[in-house]
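Here the sequence shown stands for residues 0 to 389, numbered as in numbering that gives the first Met the number 0. Cβ atoms here follow ideal geometry from the backbone N, Cα and C, with glycine treated the same way. To start, the structure itself, in structure tokens.
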Amino acid sequence: MDEVEIDEGKSLAITPTWALATVVTVMVCFGFFFQVLLDQFGKWLDKTKRKALLSALEKIKDELMLFGLLSLLMGHWVVMVAKICVKTSTVSSRFFPCAVYDNLKPEEGRFDSASGYANHSSDRQETYTLVHGHDNCPEGRESFASQESLEQLHRLMFVLGVIHVLYSFIAIALAMIKIYSWKIWEQQARKMAIQCAPGSSQAALFNRRLSRLTTFISNRTSHPWSRHSVLVWLLCFSRQFWSSINYADYMALRYGFVNTHELPLTYDFHNFMLRSMEEEFRDVVGISLPLWIYAICCIFLDFHETKIYFWISFLPAILILLIGTKLHRVVVKLAVEILDAAPRMGNHQLNLRDELFWFGKPKLLLWLIQLISFQNSFEMAAFVWSLVRF
Numbered sequence: 000m001d002e003v004e005i006d007e008g009k010s011l012a013i014t015p016t017w018a019l020a021t022v023v024t025v026m027v028c029f030g031f032f033f034q035v036l037l038d039q040f041g042k043w044l045d046k047t048k049r050k051a052l053l054s055a056l057e058k059i060k061d062e063l064m065l066f067g068l069l070s071l072l073m074g075h076w077v078v079m080v081a082k083i084c085v086k087t088s089t090v091s092s093r094f095f096p097c098a099v100y101d102n103l104k105p106e107e108g109r110f111d112s113a114s115g116y117a118n119h120s121s122d123r124q125e126t127y128t129l130v131h132g133h134d135n136c137p138e139g140r141e142s143f144a145s146q147e148s149l150e151q152l153h154r155l156m157f158v159l160g161v162i163h164v165l166y167s168f169i170a171i172a173l174a175m176i177k178i179y180s181w182k183i184w185e186q187q188a189r190k191m192a193i194q195c196a197p198g199s200s201q202a203a204l205f206n207r208r209l210s211r212l213t214t215f216i217s218n219r220t221s222h223p224w225s226r227h228s229v230l231v232w233l234l235c236f237s238r239q240f241w242s243s244i245n246y247a248d249y250m251a252l253r254y255g256f257v258n259t260h261e262l263p264l265t266y267d268f269h270n271f272m273l274r275s276m277e278e279e280f281r282d283v284v285g286i287s288l289p290l291w292i293y294a295i296c297c298i299f300l301d302f303h304e305t306k307i308y309f310w311i312s313f314l315p316a317i318l319i320l321l322i323g324t325k326l327h328r329v330v331v332k333l334a335v336e337i338l339d340a341a342p343r344m345g346n347h348q349l350n351l352r353d354e355l356f357w358f359g360k361p362k363l364l365l366w367l368i369q370l371i372s373f374q375n376s377f378e379m380a381a382f383v384w385s386l387v388r389f
């Protein structure tokens, strides 16, 4: 046992140089590998003139740099912060994530609100040590934050940074895959527009336009609840589980955009959507200051009597359902407006406008999506950290 303790406590002066060189080599290789990987990806984005995605990549790099700086600071400041002493009365057990009895035994059956795992006997002994250990402080005072707790927080921040970056890349990849699946519809629409060139009959062109919107209107207004001010929300809520963007929706939205901006029917609407989505990714990726404030508030309020983190874990699912319902409501409202304006014949037009969204600000949806991504990353980071920790 003594040999093990001596081996674990060896300093740099009595560590073999080949071991130190090996560790540094592995770390440098990993660092350069990811740096070259990101640089090559950035060059490809610049070569393909995807400026918006290149800006999103720069934000991801900034996020990695921020987490690296936080990791560096926490790695060096752990000992200094642990030496800060405060009055024992200040370190109240009321703000512990886990409940602790006065006799120093945690409540049976209590769960850690951040990890969701029960405290084992070894953890109870550790809790006792962390709460009441004040070797560096005089009598009547305790450490502001123990070294062990700060090291655990350090690991949690590292896991959060890695998972949030992975979430950003996965979200971009899935969205791109979905949008590229619509390219065949764009090809069909442009082919149809070429067939309806100026040399062809104007009646044929009008009938093709009308048939696209007729299918769209029929699909979105066929249910009797479509015109009800309250029941339409229930209809839209249910549709998001089994209905997505179909061919008729795409053609109608394409025609509405082209007609509103007075563009030729051969306009590449799919390419415009792709570029727009890339610009939106630039606003979604990264962790903004309000999200950091949100995370700090969650950490501060996550003491055992509130269980606040348990309740806010439902927030992403609620927001996703709310956003899905709202988007379906916008589509149904556009279809109903067309039907009311020209119930039988006429030049059907989609009245696309910002007022269809909450407070007339479509970018509010992007902020909610960013919040959902961060919340999911935070939950997954806490889960992975708890698996490693416990």
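Helix, strand or coil at residue i [DSSP, three-state]
i, result
"R140", "strand"
"K82", "coil"
"T47", "coil"
"T265", "coil"
"L11", "helix"
"K60", "helix"
"L386", "helix"
"N399", "Because the chain spans 0 through 389 in this model, residue 399 falls outside it and cannot be assessed."
"T305", "coil"
"V229", "coil"
"T21", "helix"
"H163", "helix"
"W181", "coil"
"F157", "helix"
"S287", "coil"
"N270", "helix"
"H260", "coil"
"W241", "coil"
"F398", "Because the chain here runs from 0 to 389, residue 398 falls outside it and cannot be looked at."
"T16", "helix"
"T87", "coil"
"S54", "helix"
"S145", "coil"
Nearest-angstrom Cβ-Cβ length linking residue i and residue j, presumed shorter than 8 Å
i, j, result
"L370", "L290", "7 Å"
"G285", "D61", "7 Å"
"I193", "L338", "The pair is not a contact, with the Cβ atoms about 30 Å apart (cut-off 8 Å)."
"T220", "V335", "6 Å"
"L300", "I307", "5 Å"
"G139", "L63", "43 Å between Cβ atoms; not a contact."
"Q146", "V77", "6 Å"
"V231", "S225", "6 Å"
"D248", "E185", "Actually they do not touch by this definition, with Cβ atoms about 13 Å apart."
"I171", "F280", "5 Å"
"V283", "I368", "6 Å"
"C235", "T324", "5 Å"
"L44", "L56", "6 Å"
"V164", "I59", "6 Å"
"L355", "K332", "6 Å"
Contacts around residue i, its chain only, beta-carbon distance under 7 Å, and the 5 residues preceding and following it disregarded
i, result
"E277", "R49, A51 and L52"
"T14", "none"
"A188", "M250 and R253"
"L314", "Q374"
"L273", "I178"
"C136", "C84 and S142"
"L129", "Because L129 sits at a pLDDT of 43, beneath the cut-off of 50, its placement in the model cannot be relied upon, and the following sentence gives the value as read from the coordinates. Counting only Cβ-Cβ distances below 7 Å, and skipping sequence neighbours, we find S145, E147 and S148."
"T21", "none"
"A18", "none"
"T87", "G139, R140 and E141"
Contacting residues, own chain, Cβ-Cβ under 6 Å from residue i (five flanking each side not counted)
i, result
"M73", "H153"
"W357", "L363"
"Y166", "S372 and S376"
"E155", "The sequence as given places Leu at residue 155; Glu does not occur at that position. Excluding positions up to five away in sequence, the list reads W384."
"E351", "In the sequence as displayed, the identity of residue 351 is Leu instead of Glu. Only G255 and T259 meet the Cβ criterion."
"R328", "C235"
Neighbourhood of residue i by C-beta, 8 Å cutoff - its chain only, sequence neighbours within 5 removed
i, result
"Q34", "none"
"I162", "S376, M379, A380 and V383"
"Y157", "Before going further, note that residue 157 is Phe rather than Tyr in the sequence given. Same-chain partners within the cutoff: F66 and S70."
"T265", "R189, A192 and I193"
"V330", "R219 and D248"
"A390", "Summary: the structure shown does not reach residue 390, with the chain confined to residues 0 through 389, and so no result is reported for it."
Below-9 Å beta-carbon distance, residue i vs any chain D residue
i, result
"H269", "The structure shown contains no chain D, having only a single protein chain."
Which whole runs of the alpha helix (DSSP H) in the segment 310-383 are 4 residues long or more, in chain order?
-> 314-340
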